[in-house]
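Residue numbers for the sequence shown, in the numbering used here: 4 to 93.
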Amino acid sequence: MKEQQPKKKFEVKFRILPDGTMEKDVFIDGERLDYSISINDYLEASKMGPQFKHAVQDDIVKHFTNSVSEFLGRHVTIEEIQEAIKTGWI
């Protein structure tokens, strides 16, 4: 049977940068996850039509789950991340 790792604190925090733009950061056990999304690139892709918007969203999900998985040292799914956003634990 696989040994389960202890849960870690999962937090999403917003901050306003000096230029006035807002950024969303993810913290796991108090450590900031080194991951960012270019909002401008996302908005530009969205303007090109729904197929481009969905492709960008899928790419974001893939890379974000990979980043969280790498940080935790185990595979996680987007469903686990969505649950962590609600409960504060992953």
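Ideal placement from N, C-alpha and C gives every residue a C-beta, glycine not left out.
Using the Cα positions of Arg-30 and Gly-52, report the straight-line distance between them to the nearest angstrom.
Residue 30 sits at position 27 when you count from the first residue of the sequence shown. Residue 52 sits at position 49 when you count from the first residue of the sequence shown. The identity of residue 30 in the sequence shown is Phe, whereas the question assumes Arg. Looking at the two C-alpha atoms, the distance is approximately 32 angstroms.
Taking the beta carbon of Phe-13 as the centre, do at least 16 other beta carbons fall within 10 Å, making it buried, or is it exposed?
Taking the sequence shown and counting its residues from 1, one reaches residue 13 at position 10. Classification of Phe-13: buried, given that the 10 Å Cβ count is 16 or more.
Select from Asp-44, His-66, Lys-65, Phe-67 the residue whose C-alpha is nearest the C-alpha of Lys-56.
Position 53 of the sequence shown holds residue 56. Among Asp-44, His-66, Lys-65, Phe-67, the Cα nearest to that of Lys-56 is on Asp-44.
Residue span of the beta strand (DSSP E) that contains Lys-16, given as start and end:
As a first step, residue 16 is located in the sequence shown; it is residue number 13 there, counting from the start. 13–19 is the span of the beta strand (DSSP E), which, as asked, contains Lys-16.
Distance, Gly-23 Cα to Glu-34 Cα:
Against the sequence shown, residue 34 aligns to sequence position 31. Against the sequence shown, residue 23 aligns to sequence position 20. Going by the C-alpha atoms only, they are around 24 angstroms apart.
Just how far apart, CA to CA, sit Gln-54 and His-78?
If you number the sequence shown from 1, residue 54 lands on position 51. If you number the sequence shown from 1, residue 78 lands on position 75. One C-alpha to the other measures close to 28 angstroms.
Determine the contact status of Trp-1 and Lys-10, defining contact as a CB-CB distance below 8 angstroms.
This structure cannot speak to residue 1, because the chain is shown only from 4 to 93.
Please determine, among Leu-36, Gln-60, Asp-37, the residue with the shortest C-alpha to C-alpha distance to Glu-47.
Taking the first residue of the sequence shown as position 1, residue 47 is located at position 44. Measuring from the Cα of Glu-47, the nearest candidate turns out to be Gln-60.
Between which two residues does the alpha helix (DSSP H) carrying Val-79 extend?
Residue numbering aside, residue 79 sits at position 76 when the sequence shown is read from its first letter. Counting along the chain, Val-79 falls outside any alpha helix (DSSP H), and DSSP gives it neither H nor E.
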